[in-house]
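Below: the structure, in structure tokens.
2 protein chains.
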Amino acid sequence: MRKFVAENSRRVLARSKYLAAVSQRPTASYSHSPCSQKSPPHYSPVSLLRFLSTITTPADRSSTETMASDYSSTPVQIDTINPKVLECEYAVRGEIVTLAQKLQEELKNDPGSHPFDEILYCNIGNPQSLGQQPITFFREVLALCDHPAILDKAETQGLFSADSIERAFQILDQIPGRATGAYSHSQGIKGLRDTIAAGIEARDGFPADPNDIFLTDGASPAVHMMMQLLIRSKKDGILCPIPQYPLYSASIALHGGTLVPYYLDEATGWGMEISELKSQLETARSKGIDVRALVVINPGNPTGQVLAEDNQRQIVDFCKKEGLVLLADEVYQENVYVPDKKFHSFKKVARSLGYGEKDISLVSFQSVSKGYYGECGKRGGYMEITGFSPEIREQIYKVASVNLCSNISGQILASLVMNPPKVGDESYESYSAEKDGILSSLERRAKKLEEAFNSLEGVTCNRAEGAMYLFPRIHLPKKAVEAAGKANTAPDAFYARRLLNATGIVVVPGSGFGQVPGTWHFRCTILPQEDRIPAIISRLAEFHKGFMDEFRSTG
Amino acid sequence: MRKFVAENSRRVLARSKYLAAVSQRPTASYSHSPCSQKSPPHYSPVSLLRFLSTITTPADRSSTETMASDYSSTPVQIDTINPKVLECEYAVRGEIVTLAQKLQEELKNDPGSHPFDEILYCNIGNPQSLGQQPITFFREVLALCDHPAILDKAETQGLFSADSIERAFQILDQIPGRATGAYSHSQGIKGLRDTIAAGIEARDGFPADPNDIFLTDGASPAVHMMMQLLIRSKKDGILCPIPQYPLYSASIALHGGTLVPYYLDEATGWGMEISELKSQLETARSKGIDVRALVVINPGNPTGQVLAEDNQRQIVDFCKKEGLVLLADEVYQENVYVPDKKFHSFKKVARSLGYGEKDISLVSFQSVSKGYYGECGKRGGYMEITGFSPEIREQIYKVASVNLCSNISGQILASLVMNPPKVGDESYESYSAEKDGILSSLERRAKKLEEAFNSLEGVTCNRAEGAMYLFPRIHLPKKAVEAAGKANTAPDAFYARRLLNATGIVVVPGSGFGQVPGTWHFRCTILPQEDRIPAIISRLAEFHKGFMDEFRSTG
């Protein structure tokens, strides 16, 4: 019994320390600062991480605390786990999503229990969960590779396109023993890497080497691998955009490094200023941080901007000059919606500037989850690593080997998206129609939602030039900020929670991505099906008006 | 130029330090100690890890060193990467496999260049790479779920079994929006977890909760997640069997913990003695190591033993008493080949002893890569976690969320292997025939190879009661050990390399798994197709005789 009491109090103590730490926000975050300001108030990487973490502090701490006490005789307690795990946060599936799942369950059990009849998940870039249909050709090839026994059957001709059958045969020929159920080479099946390399060459106009490709289960494990390679301790820093996709902050936290933030400039359409990069790099270095790499997300997540080629050149030169690895998140490379912008890979930009393999270290991440295909559940992706010595590549290969290989369906799909049907192939026309239909619809949805946000009182929203998100800024009334403070939550999380409870729409508070302190945003995907956009917009507008009325009146 | 010289010398210096570290083997490893000895010489976890690492030191260091110098202006050098990555080793895809891939390439380009015409990969449990055919029903369901558009077509009835079509419909109904291309819940699709939990219940006779299941891309990521949760620093230890599957040493190294070895007793069929566990635990504790968990691999890898239920009870009691998490690698649960042994899950054993959810912390790992299905390339698997408080589970959920979800095909397959066709289903007969054919053939192959190894001079081999491996001990002549020393390689690696060069057969040296110092082994899978076993055995026997003759003569 004595042991129980001692253990329990130790745990409660640690827990309150933890809560104190996560609720300690930089005071600057409540002061109002215009988004156009060029030098946003710096706050330390540690406080930034703490700040990011506030948003996902589970709502039902007190209930889990009570329940936890029953587990006092089990060996693992919250104060004895890896603190890096505690520190890591991932708002895209954080508190708001947990609440949404709860509401969904309630709706299922009691359909009239909320003022809406379904939950609309706009928190995550997950197109097929909102009704987007997969590209037929891709799925035909995957099905045939899963069950090659039917390839020679007569009925198969009636069910599958001729070029999907041909492609399946080609792919099986590239797999040793045609064994789609075997572990592959740790980097992925060589023949598929050849196809991907050819696809990169066709895209960029510069050579690509299949030995530079590491196929992975989506892009996330690839990002983790690079963080694992680069981060030795808290003294190692990774420059990340703010706002950023929280995979980066999570991965840096899990690997024990320091996130060095650089701010995108909302006033210039989330512009990426070299002066800002430089100033943050110098600040970090002056604190003894060894900055190893620069993360660039292009097209941007959560911001949706597409970098201008000239800006990319400056970034490449900056990395070269400062000795930084350029980690280029290019998973939205096929999601560009405006005629005045075009995707350029950083490798193409670097090669165009004359930087060769041994001049600059560059990693490009690509995924089958995004683009027009949106095959998130297939967990396919790759990284192309260039500018690393053979001995470093050997280390990367070794880490890849520990997990044996990525899933073969994902590998096949990655080769398909980098080598889709061509003019003359039987599937080309239907494939093109499906692809163009999805991309042009996404463009229209982005435009409509952007206009809708901009029409709301106190909301400004940059255009979604690319990716799958809008990141509107909400100028919250003082009274709303105070109410959030009383509820011990970030003001944008307060807004998002109210939005969810009133409309069933799930968005992610800007504090989950980071933002200039004192500004508030949320990320909303452009993915709900097009015919539902008008209803969503009116639900949003009605909620927002009510919210502003409630807090304006006494503000 | 000055910078180049300085950087280069710094790198060469670090490299030589590294080489010095990895070549520093415990001297005990060369002394001969009988395998029956009950208390093997202890060597420290650090020296063990160093020792494990010797085996995969790449052969062509000097050439990569020369090449590396060209990369002197890139930011990442071997002495500036995460030292945990350097420390991690994974022999299953180490030096010998790299050599095998080289020989395979040479054979392709010049078919007569070696005294064999193909490479036989017995290094890894990868059944389909050696010709094992997938289970038809599983692949039918996967193909239909990949391309649900054909489910209603008339031709589909002619190509697929009725129950595979029905199962595909059932599974699709369990997936929100029938979207197999969407990210799922971070733990995996709820309906599939229900199926898996029901399968566990049917297996064990004790309840299983779908909320305890985390679906993962094979078992490896699940093991990493648990190591990540438990390991805070080098002061945290994980008890691992020696010999062990090197995923564990690799994962512990990558997460910066300490491997606390316990030795399996070769003389008693790789018995697991509680006295040995206790002694190693106490030794580690006396050195200030906080031992967090015990890894048990049952059936054993690389050793192939199946634990007796009584032994499992002792292990459960030991974990309970000592406050250790029991990490149970149960991926070979369907691979048992002897009538006197049966697989019992540790959860079943714990529940039979009366330990409930809040009494003991237990994680069971399962994979679709093993069993009779051997679907390695699908990367499906799960862990069932019991005995963790809600607040700890919340942390595990968060880490799972950072990678969004495991691949859906792998999730579906995991549900299928835990709920295969039943008596009365259209596919039942063919399914049973395929399953029994594979398992009985594996049993015969295990037996034949075991007998063959035992017939070799100086080789002793425990029976493969389960799993997919034999781990014969080779009593190497003194002269062979000396020759290995001169070649700066471990004696069993020396043997494995000679075996490969002479026969094309790829095995993994015992030093990659750990072994009692002074004993030498190799791991060989039982997976080559049955009709090829006699030829393999005679190649092996011929090589072994020649090897012994060569080194005996002057030994």
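Same order as they appear, the protein sequences are chains R and G.
The first sequence begins at 678 in the working numbering and counts up by one.
The second sequence begins at 678 in the working numbering and counts up by one.
The beta-carbon is built from N, C-alpha and C at its ideal position, and this holds for glycine as well.
Since this is a predicted model, take the numbers as computed values, not measurements.
Is it a yes or a no for the region 1057 to 1064 of chain G touching the region 883 to 901 of chain G, going by three-plus beta-carbon pairs under 8 Å?
yes
Secondary structure at residue 1220 (chain R), three-state DSSP: helix, strand or coil?
helix
Take the Cβ of residue 1006 (chain R) as the centre, count every other Cβ of all protein chains shown within 10 Å, and call the residue buried at 16 or more, exposed below.
buried
Buried versus exposed call for residue 975 (chain R) [16 or more other C-beta atoms within 10 Å across all chains shown]:
buried
With the cut-off set at 9 Å, would you say residue 797 (chain R) and residue 790 (chain R) are in Cβ contact?
no
Any beta-carbon of chain G closer than 9 Å to the one on residue 1059 (chain R)?
no
List the residues that DSSP assigns as beta-bridge partners of residue 913 (chain G).
G:967
Beta-carbon spacing of residue 758 (chain G), residue 936 (chain R) below 9 Å
no
One question on the structure: do residue 1251 (chain R) and residue 1092 (chain R) come within less than 9 Å of each other, judged by their Cβ atoms?
Look at the range of chain R in this structure, 678 to 1232, and you will see that residue 1251 (chain R) is not part of it.
Could one say the Cβ of residue 1138 (chain R) lies closer than 9 Å to chain G's Cβ atoms, at least one of them?
no
My parser needs the alpha helix (DSSP H) runs of 4 or more residues fully inside the region 842 to 872 of chain R; what are they?
none
For residue 1227 (chain G) and chain R, any beta-carbon pair shorter than 9 Å?
no
Could one say the Cβ of residue 1043 (chain R) lies closer than 9 Å to chain G's Cβ atoms, at least one of them?
no
Out of G:1104, G:1158, G:1172, G:861, state which residue places its alpha-carbon closest to the alpha-carbon of residue 836 (chain G).
G:1104
Cutting at 6 Å between CB atoms, please list the residues of its own chain near residue 905 (chain R), excluding the five before and the five after it.
932
Which residue comes first and which comes last in the beta strand (DSSP E) that contains residue 1062 (chain G)?
1058 to 1063
Hey, could you find the ends of the alpha helix (DSSP H) residue 1032 (chain R) is sitting in?
Neither: residue 1032 (chain R) is in no alpha helix (DSSP H) and is coded neither H nor E.
Is the shortest distance between the beta-carbon of residue 931 (chain R) and the beta-carbons of chain G less than 9 Å?
yes
Could you tell me which residues DSSP pairs with residue 974 (chain R) in its beta bridges?
R:1006
Sort G:1116, G:1127, G:1149, G:1080 by Cα distance to residue 898 (chain R) and report the nearest one.
G:1080
Which residues in the same chain have their Cβ closer than 8 Å to the Cβ of residue 1032 (chain G), if we skip the five residues on either side of it in sequence?
993, 997
Is DSSP giving residue 1140 (chain R) helix, strand or coil here?
coil
Which residues bound the alpha helix (DSSP H) around residue 1172 (chain G)?
1168 to 1180
Nearest to residue 1120 (chain R) (by Cα), restricted to the options R:1229, R:1049, R:1215, R:900
R:1049
Going along the chain, which residues of its own chain have a beta-carbon closer than 6 Å to the beta-carbon of residue 956 (chain R), five neighbours each way excluded?
none
What is the DSSP secondary structure of residue 948 (chain G), reduced to helix, strand or coil?
strand
Classify residue 1100 (chain G): buried if its beta carbon has 16 or more other beta carbons within 10 angstroms, exposed otherwise.
exposed
State yes or no: is the beta carbon of residue 1189 (chain R) nearer than 9 Å to at least one beta carbon in chain G?
no
Using the beta-carbon of each residue, which ones in chain R are nearer than 9 Å to residue 1084 (chain G)?
894, 895, 1054, 1055, 1056, 1057, 1083, 1084, 1086, 1087
Quick check: what's the CA-CA separation for residue 1127 (chain R) versus residue 1200 (chain R)?
12 Å
With 9 Å as the threshold, decide whether the Cβ of residue 916 (chain G) is near any Cβ in chain R.
no
Per-residue contacts from residue 952 (chain R) into chain G (C-beta, under 9 Å)
Within chain G, no residue comes near residue 952 (chain R); the closest Cβ sits about 22 Å away, beyond 9 Å.
Proximal residues of chain R, C-beta to C-beta of residue 909 (chain G) below 7 Å:
759, 760
Using a Cβ-Cβ cutoff of less than 6 Å, which residues in the same chain neighbour residue 1051 (chain G) once the five nearest sequence positions on both sides are dropped?
804, 805, 809
Count the other CB atoms, across all protein chains shown, that sit within 10 Å of the CB of residue 1115 (chain G); report buried if there are 16 or more and exposed otherwise.
buried
Give a yes or no on whether the C-beta atoms belonging to residue 857 (chain R) and residue 829 (chain R) are separated by under 9 Å.
no
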